[in-house]
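Chains as they are written, first to last, in the working numbering: chain A, 304 to 647; chain B, 168 to 467.
Note that CB positions come from ideal geometry on N, CA and C, so glycine has one too.
If you're wondering where the values come from, they're calculated on a predicted model, not measured in any experiment.
Below is one structure, written out as structure tokens; comments come after it.
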């Protein structure tokens, strides 16, 4: 087969895989929302509804139709961007999600940057001094990050850095009197306040963001440094590193210039995956810090028994997850020529 | 031959001797890893706490004593008292039982489910493989905590439902793992030999493929326990896990949240318990992997 055709078939089968995964995702949320509750109608109208109301909602939900037809309708609605209406805010769920998502994205992006900037060098150092004391110290730091309940660390962090030391601001995105001052353009408070030139608000936002972002950063640092370590251990034992050293390359050049560059390819995948992990980790962090993001939205909807909102949020994060997986796949192929040559 | 005639004569004894020697080597190598030993000690301590909670506790974990509301840590209440005057130390001890219960429930359900799906998928191949792996991928594509959250929200809160929800998110890695091992074993000579001898696919999977997957599944299990404990605590914290008055650690942090600035011990103490236990499982898992996983370096 010639190359373009093979490439075409490759991309086609890959797109089908992604589509099937997305449909599966929808099937799962459909199952949780419509099939699992003993009576989905009761969960909407409540115990005291009259039979007429019950009947009306029953028909509105399309529960008289066969289940596969219901799923078909559900898929159609999702494709049209209809995630249902949130009972607690009485707005379409999609509007709500779009409102809250930028704040989550902002927080987890900063968390990811912290995680990468600190985690990668930590992993490299750990691999370079394998089984020496720096390795042990860095591994323990990573393991602690793996083992600590992130919501608890948030509470303790608030207690120490906000209450005892007063270094950072408390929960929320801004101090109360700043809320709503800046015009919403991108939804990211840092960018919006910078555009508006409100530097006071900008720094206020930073002092609110510092603690949750650092916690998320630590959370992703644990994963990233561990993965960097294992990839770098593999690379450093290869012969090309020895060759570089024999040629007289400096240690820094051999490690950073040769080994790390090869390690970078699998690391891209790792970083993309940990971005997904951060979106999830932010659910708990946001509830602690009253951060107006998706996690907080899902959390408060949970207590209003607002399943549309909960499932909509789950679906959105799931789609972002799938998208990140896709992205890491594409990047891997783009960066590593070997994976292109020997692809099926 | 003359050195060990009895071993040849008695194959069972030879096998036992070999196992014993293997075990001794394993123990020696394990003891050389100090972090692993720390992990083992923590896990053993957890088991002891759970088993002897009534003997070790100083108070009734459920009995409120309003006079001692939010008492600070001291001689009477070692780790302080919570908002109803219950002893936090005793509640943490009893809570270790709940933690172990959830971990056990999740492990005994998710590992076998994943193992069977993976082994069947890898051995049978073809359409079965494609369908099973697609399903596995879908579950892997969803963030674990969110899926568990949505699931418990639909089923209603409680320990068993929380464990079920975590199971739902915990089995796919086992399926992946078992499938990878099964793919290797599937075409090995000894499996072909059994197949020629007329063994059914069922027999091959149960007696010849699954045992080969066990060691990597066990390593994975040790690692997973820390994650399960954290997820369970997270669900408890959100209010979807164990319900009051049960002394579940995550739920205890959640009630202590209100008092974090003035009575910091209410939320801090259970968190230390969660952290210690999951660190223990992680350390143990790390050590086990170093010992049991021969192709550690090839894996990402």
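Candidates the options: closest to residue i by CA position
i: residue 334 of chain B; options: B:349, B:361, B:316, B:274; result: B:274
i: residue 510 of chain A; options: A:530, A:522, A:464, A:586; result: A:464
i: residue 560 of chain A; options: A:368, A:571, A:547; result: A:547
i: residue 388 of chain A; options: A:615, A:318, A:622; result: A:615
i: residue 297 of chain B; options: A:582, A:320, A:396; result: A:320
i: residue 388 of chain B; options: B:451, B:198, B:247, B:209; result: B:451
i: residue 555 of chain A; options: A:569, A:568, A:570, A:539; result: A:539
i: residue 134 of chain B; options: B:423, B:286, B:356; result: With chain B covering 168 to 467 only, the question about residue 134 of chain B has no answer from this structure.
i: residue 397 of chain A; options: A:384, A:405, A:477, A:390; result: A:384
i: residue 309 of chain B; options: A:625, A:469, A:406; result: A:625
i: residue 404 of chain A; options: A:582, A:448, A:330; result: A:582
i: residue 468 of chain A; options: B:255, B:212, B:227, B:428; result: B:428
i: residue 520 of chain A; options: A:562, A:475, A:444; result: A:444
Coil, strand or helix - residue i by DSSP
i: residue 388 of chain A; result: strand
i: residue 248 of chain B; result: strand
i: residue 609 of chain A; result: coil
i: residue 452 of chain A; result: coil
i: residue 315 of chain A; result: helix
i: residue 395 of chain A; result: strand
i: residue 453 of chain B; result: helix
i: residue 639 of chain A; result: coil
i: residue 254 of chain B; result: strand
i: residue 478 of chain A; result: coil
i: residue 470 of chain A; result: coil
i: residue 232 of chain B; result: coil
i: residue 127 of chain B; result: Since the first and last residues shown for chain B are 168 and 467, residue 127 of chain B lies out of range.
i: residue 200 of chain B; result: coil
i: residue 284 of chain B; result: helix
i: residue 409 of chain B; result: coil
i: residue 179 of chain B; result: helix
i: residue 237 of chain B; result: coil
i: residue 619 of chain A; result: helix
i: residue 416 of chain B; result: helix
i: residue 336 of chain A; result: helix
Start-to-end residues for the alpha helix (DSSP H) that takes in residue i
i: residue 328 of chain B; result: 326-353
i: residue 487 of chain A; result: First-last for residue 487 of chain A: undefined, no H or E at that position.
i: residue 569 of chain A; result: 563-592
i: residue 379 of chain A; result: 370-382
i: residue 367 of chain B; result: Residue 367 of chain B -> no alpha helix (DSSP H), and no H or E assigned at all.
i: residue 401 of chain B; result: 377-405
i: residue 357 of chain A; result: 354-363
i: residue 301 of chain B; result: 293-308
Neighbouring residues, chain A, relative to residue i (Cβ below 7 Å)
i: residue 400 of chain B; result: 452
i: residue 354 of chain B; result: Near residue 354 of chain B there are no residues of chain A at all, since even the closest Cβ is about 19 Å away, more than 7 Å.
i: residue 197 of chain B; result: By Cβ distance, chain A contributes nothing, its closest Cβ being about 16 Å from residue 197 of chain B, past 7 Å.
i: residue 222 of chain B; result: The premise fails here: residue 222 of chain B is roughly 28 Å from chain A at the closest Cβ pair, so nothing lies under 7 Å.
i: residue 424 of chain B; result: 458
i: residue 397 of chain B; result: 452
Cross-chain neighbours of residue i in chain B, by beta carbon under 9 Å
i: residue 462 of chain A; result: 427, 428, 431, 434, 435
i: residue 583 of chain A; result: 310, 311, 312, 313
i: residue 336 of chain A; result: 317, 321
i: residue 565 of chain A; result: Correct list: empty, because the minimum Cβ distance to chain B is about 14 Å.
i: residue 691 of chain A; result: Lying outside 304 to 647, the shown extent of chain A, residue 691 of chain A is not represented and no answer is given.
i: residue 620 of chain A; result: 309, 310, 313
i: residue 610 of chain A; result: 317, 320, 321
Contacts that residue i makes with chain A (C-beta to C-beta distance below 9 Å)
i: residue 442 of chain B; result: 447, 450, 451, 452, 455, 456
i: residue 301 of chain B; result: 320, 323, 324, 327
i: residue 445 of chain B; result: 449, 450, 451, 452
i: residue 438 of chain B; result: 451, 452, 454, 455, 456, 458, 459
Within chain B, the residues that residue i reaches when beta carbons sit closer than 7 Å
i: residue 324 of chain A; result: 304, 305, 308
i: residue 624 of chain A; result: 308, 309, 310
i: residue 466 of chain A; result: 428
i: residue 586 of chain A; result: 312, 313
Contact set between residue i and chain B, taken where Cβ atoms lie within less than 8 Å
i: residue 602 of chain A; result: 405
i: residue 615 of chain A; result: Residues of chain B passing the Cβ test: none, with the nearest at roughly 10 Å.
i: residue 599 of chain A; result: Within 8 Å Cβ-Cβ: nothing; residue 599 of chain A doesn't reach chain B, min ~12 Å.
i: residue 579 of chain A; result: 310
i: residue 331 of chain A; result: 305, 306, 309, 314
i: residue 518 of chain A; result: Near residue 518 of chain A there are no residues of chain B at all, since even the closest Cβ is about 13 Å away, more than 8 Å.
Interface residues of chain A facing residue i [CB-CB closer than 8 Å]
i: residue 449 of chain B; result: 446, 449, 450
i: residue 393 of chain B; result: 449, 450
i: residue 420 of chain B; result: 452, 454, 455, 458
heavy atom of the ligand PLP below 7 Å from residue i C-beta
i: residue 321 of chain B; result: Absence of the ligand PLP is noted for the structure shown, with no ligands found whatsoever.
* Please specify which runs of the alpha helix (DSSP H), each continuous and at least 4 residues long, are wholly inside the stretch 525-560 of chain A, giving them in chain order. => 542-549
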